[in-house]
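Number of protein chains: 2
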Amino acid sequence: MLGDVTSENSRGPRGPYAKSAQLRKEILDACVTVFADNGFHGSTMSAIAQRAGIGQTRLLHHFASKAELLTAMLASHEQRMAEIIESTGSGEDALRAHVREVGRNRERRDLVQLHSIISAEAAVAAHPAHEVYRTRYDQLRLHLTGVFAELRGAGRLKVGTRPDILASQFIAMMDGLQLQWLYSPTTVDVADHLDAFLSTLLIDDAD
Amino acid sequence: MLGDVTSENSRGPRGPYAKSAQLRKEILDACVTVFADNGFHGSTMSAIAQRAGIGQTRLLHHFASKAELLTAMLASHEQRMAEIIESTGSGEDALRAHVREVGRNRERRDLVQLHSIISAEAAVAAHPAHEVYRTRYDQLRLHLTGVFAELRGAGRLKVGTRPDILASQFIAMMDGLQLQWLYSPTTVDVADHLDAFLSTLLIDDAD
DNA sequence: GTCTATAGAAGGATAGAC
DNA sequence: GTCTATCCTTCTATAGAC
Numbered sequence: 001m002l003g004d005v006t007s008e009n010s011r012g013p014r015g016p017y018a019k020s021a022q023l024r025k026e027i028l029d030a031c032v033t034v035f036a037d038n039g040f041h042g043s044t045m046s047a048i049a050q051r052a053g054i055g056q057t058r059l060l061h062h063f064a065s066k067a068e069l070l071t072a073m074l075a076s077h078e079q080r081m082a083e084i085i086e087s088t089g090s091g092e093d094a095l096r097a098h099v100r101e102v103g104r105n106r107e108r109r110d111l112v113q114l115h116s117i118i119s120a121e122a123a124v125a126a127h128p129a130h131e132v133y134r135t136r137y138d139q140l141r142l143h144l145t146g147v148f149a150e151l152r153g154a155g156r157l158k159v160g161t162r163p164d165i166l167a168s169q170f171i172a173m174m175d176g177l178q179l180q181w182l183y184s185p186t187t188v189d190v191a192d193h194l195d196a197f198l199s200t201l202l203i204d205d206a207d
Numbered sequence: 001m002l003g004d005v006t007s008e009n010s011r012g013p014r015g016p017y018a019k020s021a022q023l024r025k026e027i028l029d030a031c032v033t034v035f036a037d038n039g040f041h042g043s044t045m046s047a048i049a050q051r052a053g054i055g056q057t058r059l060l061h062h063f064a065s066k067a068e069l070l071t072a073m074l075a076s077h078e079q080r081m082a083e084i085i086e087s088t089g090s091g092e093d094a095l096r097a098h099v100r101e102v103g104r105n106r107e108r109r110d111l112v113q114l115h116s117i118i119s120a121e122a123a124v125a126a127h128p129a130h131e132v133y134r135t136r137y138d139q140l141r142l143h144l145t146g147v148f149a150e151l152r153g154a155g156r157l158k159v160g161t162r163p164d165i166l167a168s169q170f171i172a173m174m175d176g177l178q179l180q181w182l183y184s185p186t187t188v189d190v191a192d193h194l195d196a197f198l199s200t201l202l203i204d205d206a207d
């Protein structure tokens with residue numbers, strides 16, 4: 001810092017690191033596939049390296065451990081989920097946005113597998129992704145509780161329902177339907193069944 | 001068979017096997033705990049043996065491989081699920097029976113973890129439990145579709161709902177709520193939220 | 001940053017004595 | 001049926017040359 005006229009730390013990676021950044025990205029992509037198929041426990045550094053088309057030691061040079069690889073990969077996806085929560089408008093639009101997002105996963109079986117297997121593994125406190133997932137579920141429930149509460153205020157919710165319970169139910173339905181879809185892609189239509197669920201809850205907007 | 005006057009094969013294990021049967025049971029119990037915490041991939045024969053209080057080679061003498069251990073353990077539980085499907089009366093009683101069963105799992109966190117992690121791992125075709133779980137989900141959907149269809153016939157179902165979709169939704173809700181309960185046992189009440197779901201679907205019986 | 005080589009531990013599974 | 005000893009493989013991770 002002091003007197004270092006060439007310092008550019010605040011502007012992110014300099015020239016030589018550009019290639020590294022690209023490689024890191026490719027490694028993280030390889031991670032998704034391998035972790036999706038075998039979970040954290042069943043995946044090996046060698047398998048990930050092979051998938052990324054590099055050697056095992058080279059992989060280890062960029063990510064010091066398997067746990068670091070998992071958390072880095074999850075962090076790179078976390079951003080996208082945050083966007084969905086923030087960006088959406090209010091009320092029903094917010095819910096339909098979630099359904100649309102889940103519907104897009106039809107083309108990304110790897111992402112569905114990844115979520116299903118890691119979320120289940122990480123339910124154990126010792127798992128490297130435990131805190132990340134606990135926080136994620138808490139935030140998502142909080143967000144959706146707010147959305148349903150808003151709908152309640154607008155008189156759009158069927159009587160006898162509670163926003164906080166609906167939030168848990170909606171998340172459960174997303175997770176559970178995606179799991180069944182993995183087993184029977186032609187039988188279970190995630191987006192369709194989610195829409196059906198919302199239809200049983202919401203009173204038609206009459207404006 | 002031919003001329004073997006001492007043959008008692010058709011009456012199950014003879015004397016000397018009684019101890020083996022007991023040990024097998026203890027091993028399978030140890031399995032539940034270990035597989036529940038680490039899944040199939042993350043569990044080791046040594047860990048299971050240690051949990052069962054025996055040596056690794058002794059474990060291997062009774063179950064030839066880890067995959068055999070998993071399938072034997074699942075088979076010993078399959079029976080219980082079949083009973084729930086068969087035994088229950090009709091209509092709403094059948095659904096409430098499922099809710100009660102899931103409610104009992106509050107005292108069996110290990111079983112919930114086991115189901116969550118194995119069902120997610122086994123979504124990959126190469127997993128030793130893949131076929132078992134695919135079949136289980138198919139049968140459960142079939143069973144519940146019948147139950148909901150019956151309720152539809154009795155005029156107990158809200159309009160705009162479809163028995164087959166409700167079956168998928170109900171299973172998804174069970175799986176998904178149990179997963180959230182693992183992360184937040186004090187926030188998510190599985191049986192309560194399931195009951196709430198059924199309440200939004202069913203028209204009160206007026207007889 | 002990348003490579004070869006390899007350590008050191010743990011994995012599943014087998015052989016053979018008792 | 002149970003034990004000790006052990007094989008072979010694979011795992012994560014390190015060291016050091018280039």
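Going line by line, the protein sequences match chains A and B. The numbering used here numbers the first residue of the first sequence as 1 and each following residue consecutively. The numbering used here numbers the first residue of the second sequence as 1 and each following residue consecutively. Beta carbons: idealized from backbone N, C-alpha and C, even for Gly.
Shown in chain order are the members of the segment 133-160 of chain B whose Cβ falls below 8 Å from a Cβ of chain A: TYR133, ARG134, TYR137, ASP138, ARG141, LYS158, GLY160.
Proximity of B/MET174 to chain A, defined by a Cβ-Cβ separation below 9 Å, is satisfied. Going by beta carbons, A/LEU177 and B/SER116 fall outside the 9 Å limit. For A/ARG162, the closest Cβ of chain B is nearer than 9 Å. In this structure B/GLY39 is buried. Its beta-carbon is surrounded by 16 or more other beta-carbon atoms within 10 angstroms. Residues of chain B whose Cβ lies closer than 8 Å to the Cβ of A/THR200 are, in chain order, LYS158, GLY160, THR161, THR200, LEU201. A/THR187 is positioned such that its CB atom lies closer than 9 Å to that of B/ARG141.
When Cβ-Cβ separations below 9 Å define contact, A/SER65 makes no contact with chain B. The CB of B/ALA196 comes closer than 7 Å to the CB of ILE165 in chain A, given here in chain order. For B/ASN38, the closest Cβ of chain A is nearer than 9 Å. One Cα belongs to A/THR145, the other to B/GLY160, and the distance between them is close to 25 Å. Proximity to A/GLN180 across B/LEU194, B/ASP204, B/ALA154, B/TYR137 peaks at B/TYR137, based on C-alpha coordinates. If you draw a straight line from the Cα of A/HIS130 to the Cα of B/ALA18, it comes to about 42 Å. The beta-carbon separation of B/ALA47 and B/LEU114, rounded to 15 Å, does not stay under the 8 Å limit for a contact. Closest by C-alpha distance to A/ILE27, out of A/SER43, A/LEU59, A/GLY42, is A/LEU59.
Around A/LEU177, the beta-carbon contacts reaching into chain B at under 7 Å are SER168, ALA172.
For A/THR57, the enclosing alpha helix (DSSP H) stretches over residues 56-62.
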